[in-house]
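Trainee:
Chains as they are written, first to last, in the UniProt record's numbering: chain L, 1 to 126; chain B, 1 to 421.
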């Protein structure tokens with residue numbers, strides 16, 4: 001069993017209109033239902049826009065923390081949301097990612113967590 | 001009968017894919033499997049010349065590799081998982097304990113899984129090509145690097161990275177489900193065809209072709225057609241390769257320069273390959289599920305059916321390209337179609353078809369344009385187009401041919417047709 005991060009990259013600018021957003025969310029929820037039904041659900045969520053980000057730098061334990069208003073990297077496209085899934089079938093995970101990309105029209109990245117104990121993983125209660 | 005090192009090398013090439021795929025299945029790890037097979041061949045080099053070739057060399061290699069893997073895992077088993085793997089391996093090794101390795105019984109063909117792993121769409125095309133040649137084809141990293149004109153360290157790194165992605169991302173080792181098969185198979189076919197075309201017309205270098213790569217691609221396509229006899233596109237790809245390869249002896253003249261299809265001495269074509277390729281085309285077209293490779297093979301079957309360019313059934317060629325355009329609506333297909341149209345409806349009509357094709361960086365586009373302009377008597381424009389094409393190719397034999405055409409244009413000589421060779 002491996003754990004994968006499926007991340008969604010959103011462009012800057014206003015979100016889709018009400019009607020589009022409704023359709024997109026419905027499509028995403030259908031994928032989420034399938035992920036849950038497969039017993040692969042760990043976590044998923046959407047992120048606030050880039051302007052809401054704060055970047056923190058602190059050279060070492062004793063240095064002062066420097067807080068910057070804004071994202072670490074300014075880019076045209078930013079991490080807009082993500083799902084974390086657990087599966088022993090990479091092709092199935094890629095299939096979910098394809099459906100998420102299809103539902104949103106946005107690029108999606110699939111990345112495995114490092115093996116062994118998948119550090120940082122939260123226990124699933126589904 | 002004496003077993004020479006050439007005999008063993010032949011077995012290595014022929015059986016490497018089968019052996020590695022069985023071992024990957026057993027060990028769940030590509031590197032361990034490769035090492036084990038390597039070990040087994042080292043033993044073969046030592047023993048076969050003395051004891052003779054075993055009745056089933058592949059079975060012998062697999063059995064020996066499996067034992068070597070067990071030994072290796074034992075020796076290195078600091079981790080429980082490895083110890084467990086050794087135990088699991090031993091459980092499926094009935095011959096353990098006897099003096100001679102019992103030969104593997106009829107081995108279920110695992111190579112098909114390996115093909116689909118090597119050509120998984122999550123790997124880059126370059127990585128797919130390198131892994132396929134290495135694991136399935138049994139080529140060394142040095143050989144692959146040499147074939148693709150990159151430093152060995154670059155190729156080694158490419159292969160290491162690809163294997164690491166397979167491991168880290170969990171790319172599965174299996175034949176895809178039915179609903180995924182068409183898309184996944186097309187990736188496999190594309191990889192094999194890419195190896196073949198690089199062998200047929202090297203993208204750079206002095207010689208026109210690299211026969212070793214083309215031969216390797218044909219060998220792998222044969223394996224695939226054997227493993228998937230019900231997939232007409234797998235047969236179509238093999239047919240396309242055979243019919244193209246059949247023309248190789250006539251493609252270059254005595255000094256290694258390119259000779260185009262209409263000017264080729266057709267008696268120099270390989271009649272056996274033509275016959276085999278044409279039979280395959282007939283066989284797969286009977287399935288009535290034409291795909292891009294079958295249609296391109298069919299075009300080549302029409303060409304190899306004709307005694308000369310004038311004798312070619314051009315309307316059939318145009319019809320096949322029309323069909324291909326429905327499946328692959330690309331400008332390269334439109335360009336090839338225009339070449340056939342020129343023979344049916346004349347150069348003026350064909351030249352009109354080139355307008356609007358987005359192929360200005362593609363040498364064959366300028367070759368076709370030059371040819372058509374030349375036939376229309378527009379010599380200056382033709383000369384410029386030949387020269388432009390020559391500048392766009394990195395293949396020395398092709399460039400010489402194109403410059404010669406540019407130089408000859410204006411003498412009123414009527415050249416060959418099109419870009420096909």
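We put the CB at the ideal spot given by N, CA and C, even for glycine.
Just to confirm the assignment, what range does the beta strand (DSSP E) spanning residue 345 of chain B have?
Mentor: Along the second chain, read from residue 1 onward, the residue named residue 345 of chain B stands at position 345. Note, residue 345 of chain B: premise wrong, no beta strand (DSSP E); alpha helix (DSSP H) at 331 to 345.
Trainee: Rounded to a whole number of angstroms, what is the C-alpha to C-alpha distance between residue 276 of chain B and residue 317 of chain B?
Mentor: Taking the second chain and counting its residues from 1, one reaches residue 276 of chain B at position 276. Taking the second chain and counting its residues from 1, one reaches residue 317 of chain B at position 317. Their Cα atoms are separated by approximately 20 Å.
Trainee: Would you say the beta carbon of residue 69 of chain B comes nearer than 7 Å to a heavy atom of the ligand SAM?
Mentor: Of ligands this structure carries none, so the ligand SAM is not represented either.
Trainee: Given that a residue counts as buried once 16 or more other Cβ atoms are within 10 Å of its Cβ, and exposed if not, what is residue 391 of chain B?
Mentor: Start at 1 with the first residue of the second chain, and residue 391 of chain B comes out as number 391. The residue in question, residue 391 of chain B, is exposed, as its Cβ has fewer than 16 Cβ neighbours within 10 Å.
Trainee: Residues of chain B with a CB under 7 Å from the CB of residue 112 of chain L: which are they?
Mentor: Here residue 112 of chain L refers to the residue found at position 112 of the first chain. Within 7 Å Cβ-Cβ: 168, 169, 170.
Trainee: Beta strand (DSSP E) containing residue 269 of chain B: first to last residue?
Mentor: Residue mapping note: residue 269 of chain B aligns to position 269 of the second chain, counting from 1. Neither: residue 269 of chain B is in no beta strand (DSSP E) and is coded neither H nor E.
Trainee: Could you tell me which residues DSSP pairs with residue 49 of chain L in its beta bridges?
Mentor: Taking the first chain and counting its residues from 1, the one referred to as residue 49 of chain L is at position 49. Checking the DSSP bridge columns, you'll see residue 49 of chain L has no partner listed.
Trainee: Buried or exposed: residue 244 of chain B, going by 16 or more other Cβ atoms within 10 Å of its Cβ?
Mentor: Within the second chain, residue 244 of chain B is the residue found at index 244, counting from 1. Buried, by the Cβ-count rule.
Trainee: Does chain B have any CB closer than 8 Å to the CB of residue 91 of chain L?
Mentor: Here residue 91 of chain L refers to the residue found at position 91 when the first chain is read from its first residue. So yes, residue 91 of chain L belongs to the interface.
Trainee: Residue 56 of chain B: which of B/39, B/12, B/33 sits nearest, CA to CA?
Mentor: Within the second chain, the letter at position 56 stands for residue 56 of chain B. Residue 56 of chain B has its Cα closest to that of B/12, out of B/39, B/12, B/33.
Trainee: I need the DSSP call for residue 10 of chain L, collapsed to helix, strand or coil.
Mentor: For this step, residue 10 of chain L is matched to residue 10 along the first chain. In this structure, residue 10 of chain L counts as strand in the three-state DSSP scheme.
Trainee: Does the CB of residue 94 of chain L have a neighbour CB from chain C at under 8 Å?
Mentor: Note that chain C does not occur in the displayed structure, where the protein chains are L and B.
Trainee: Compute the distance between the beta-carbons of residue 292 of chain B and residue 328 of chain B, then report whether it is under 8 Å.
Mentor: In the second chain, the residue the question calls residue 292 of chain B occupies position 292. In the second chain, the residue the question calls residue 328 of chain B occupies position 328. Yes, the Cβ-Cβ distance between residue 292 of chain B and residue 328 of chain B is below 8 Å.
Trainee: Please give the ranges of any alpha helix (DSSP H) in the stretch 156 to 218 of chain B, keeping only runs that are unbroken, at least 4 residues long and fully inside the region.
Mentor: 181 to 200
Trainee: Report yes or no: is there a C-beta of chain B within less than 8 Å of the C-beta of residue 76 of chain L?
Mentor: To locate residue 76 of chain L, count along the first chain from 1; it is residue 76. It does not; no Cβ of chain B falls within 8 Å.
Trainee: Answer yes or no: do residue 238 of chain B and residue 222 of chain B have a C-beta to C-beta separation smaller than 8 Å?
Mentor: Here residue 238 of chain B corresponds to residue number 238 of the second chain, with the count starting at 1. Here residue 222 of chain B corresponds to residue number 222 of the second chain, with the count starting at 1. Result yes, Cβ atoms of residue 238 of chain B and residue 222 of chain B sit closer than 8 Å.
Trainee: Please check if any C-beta of chain L sits within less than 8 Å of the C-beta of residue 290 of chain B.
Mentor: Translated into the one-based positions of the second chain, residue 290 of chain B becomes position 290. So no, residue 290 of chain B is outside the interface.
Trainee: Rounded to a whole number of angstroms, what is the C-alpha to C-alpha distance between residue 111 of chain B and residue 173 of chain B?
Mentor: In the second chain, the residue the question calls residue 111 of chain B occupies position 111. In the second chain, the residue the question calls residue 173 of chain B occupies position 173. Roughly 10 Å between the two C-alpha positions.
Trainee: Between residue 43 of chain B and the rest of its own chain, which residues show a CB-CB distance below 8 Å, the 5 nearest in sequence each way excluded?
Mentor: Here residue 43 of chain B refers to the residue found at position 43 of the second chain. Excluding sequence neighbours, residue 43 of chain B sits near 64, 68.
Trainee: By the criterion of Cβ-Cβ separation under 9 Å, what are the contact partners of residue 58 of chain L in chain B?
Mentor: The sequence position of residue 58 of chain L within the first chain is 58, counting from 1. Correct list: empty, because the minimum Cβ distance to chain B is about 30 Å.
Trainee: Does the stretch 121 to 139 of chain B come close enough to the stretch 180 to 194 of chain B to have 3 or more Cβ pairs within less than 8 Å?
Mentor: yes
Trainee: Give the DSSP-derived three-state secondary structure of residue 98 of chain B in the structure shown.
Mentor: For this step, residue 98 of chain B is matched to residue 98 along the second chain. Per-residue confidence for residue 98 of chain B stands at a pLDDT of 39, beneath the threshold of 50, marking its modelled position as unreliable; the derived number appears in the next sentence. Coil, per DSSP.
Trainee: Once DSSP output is grouped into helix, strand and coil, what is the label at residue 87 of chain L?
Mentor: For this step, residue 87 of chain L is matched to residue 87 along the first chain. In the structure shown, the three-state DSSP call for residue 87 of chain L is strand.
Trainee: Run through the DSSP bridge pairs and tell me what residue 2 of chain L is partnered with.
Mentor: As a first step, residue 2 of chain L is located in the first chain; it is residue number 2 there, counting from the start. Answer is L/87.
Trainee: Please classify residue 170 of chain B as buried or exposed, where buried requires at least 16 neighbouring CB atoms within 10 angstroms.
Mentor: Counted from its first residue, the second chain places residue 170 of chain B at position 170. Its Cβ being crowded by 16 or more others within 10 Å, residue 170 of chain B is buried.
Trainee: For residue 78 of chain L, tell me which candidate among L/23, L/92, L/34, L/51 has the shortest Cα-Cα distance.
Mentor: Mapped onto the first chain, residue 78 of chain L falls at position 78. Here the closest residue by C-alpha is L/51.
Trainee: Between residue 219 of chain B and residue 115 of chain B, what straight-line distance do the alpha-carbon atoms span, to the nearest angstrom?
Mentor: Counted from its first residue, the second chain places residue 219 of chain B at position 219. Counted from its first residue, the second chain places residue 115 of chain B at position 115. Those two C-alpha atoms are separated by around 13 Å.
Trainee: Just to confirm my understanding: we take residue 216 of chain B, look at its own chain, exclude 5 residues before and 5 after, and list those with CB closer than 6 Å. What are they?
Mentor: As a working note, residue 216 of chain B is residue 216 in the second chain. Within the same chain, 137 come within 6 Å of residue 216 of chain B by CB-CB distance, once the 5 residues on both sides are set aside.
Trainee: Starting from the C-beta of residue 344 of chain B, find all residues in its chain whose C-beta is less than 7 Å away, skip the five residues before and the five after it, and write them out in chain order.
Mentor: Along the second chain, read from residue 1 onward, the residue named residue 344 of chain B stands at position 344. Result list for residue 344 of chain B: 314, 315, 318, in chain order.
Trainee: Decide if residue 335 of chain B is buried, meaning its Cβ has at least 16 other Cβ atoms within 10 Å, or exposed.
Mentor: As a position in the second chain, residue 335 of chain B is number 335, starting the count at 1. That one is buried.
Trainee: Quick one: residues in its chain with C-beta nearer than 8 Å to the C-beta of residue 359 of chain B, no 5 flanking neighbours on either side, listed in chain order?
Mentor: Numbered from its first residue, the second chain carries residue 359 of chain B at position 359. Hits under 8 Å: 331, 332, 335, 365.
Trainee: Give the interface partners of residue 176 of chain B over in chain L, defined as CB-CB distance under 8 Å, in chain order.
Mentor: The residue labelled residue 176 of chain B in the question sits at position 176 within the second chain. What residue 176 of chain B touches in chain L: 91.
Trainee: Hey, is residue 106 of chain B's beta-carbon within less than 8 Å of any beta-carbon in chain L?
Mentor: Translated into the one-based positions of the second chain, residue 106 of chain B becomes position 106. Model confidence at residue 106 of chain B stands at a pLDDT of 41, short of 50, so the residue's coordinates are unreliable; what they give is reported in the following sentence. Output row for residue 106 of chain B: interface = no.
Trainee: Would the beta-carbon of residue 242 of chain B fall within 8 Å of that of residue 285 of chain B?
Mentor: As a position in the second chain, residue 242 of chain B is number 242, starting the count at 1. As a position in the second chain, residue 285 of chain B is number 285, starting the count at 1. Contact: no.
Trainee: Is residue 389 of chain B closer than 8 Å to residue 370 of chain B when the C-beta atoms are compared?
Mentor: Indexing the second chain from 1 puts residue 370 of chain B at position 370. Indexing the second chain from 1 puts residue 389 of chain B at position 389. Yes, these two residues count as a Cβ contact at 8 Å.
Trainee: Any contact between the stretch 79 to 88 of chain L and the stretch 8 to 15 of chain L? By contact I mean 3 or more CB pairs, one from each, below 8 Å.
Mentor: yes
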